[in-house]
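In the working numbering, the protein residues as written are 6 to 131. Read the structure below first, then the notes.
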């Protein structure tokens, strides 16, 4: 007897591994060549961040959970306008120059992460 399959049994919601691999290779081949440094397609490595992108990335990376909770608590106590102005001024004049100094010195020293003690050799005892 020839049984008919239902629609759910005939089709799958997700592509199989055999059908997905050619699609991935076809769609992302140029991206993989750029990523792994093919000289003909090395456009990704030549791109540099603008100052605005650097500032936004630095602020995002330094917004940890403790700062968010502390800022929301201060905003509820003293008003959001005053807290935002003080925080932005602190970020622009104190925190951002220090983070830029550490990041530029770490790239100059060819280290992946540079601490404050590496910037000031006096505190290391040298």
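Cβ coordinates follow ideal geometry from the N, Cα and C atoms, glycine included. Owing to the predicted nature of the structure, the values given are computational and were not obtained by experimental measurement.
With distances taken from CA atoms, which of the options is nearest residue i?
i: residue 65; options: 85, 24 and 104; result: 104
i: residue 76; options: 24, 93 and 27; result: 93
i: residue 108; options: 69, 27 and 62; result: 62
i: residue 96; options: 78, 55 and 60; result: 60
Quick check on the DSSP output: the alpha helix (DSSP H) that includes residue i runs from which residue to which?
i: residue 71; result: 70-83
For chain B, check one thing: does any of its Cβ atoms lie closer than 7 Å to the Cβ of residue i?
i: residue 104; result: In the structure shown, chain B cannot be found, because there is only a single protein chain.
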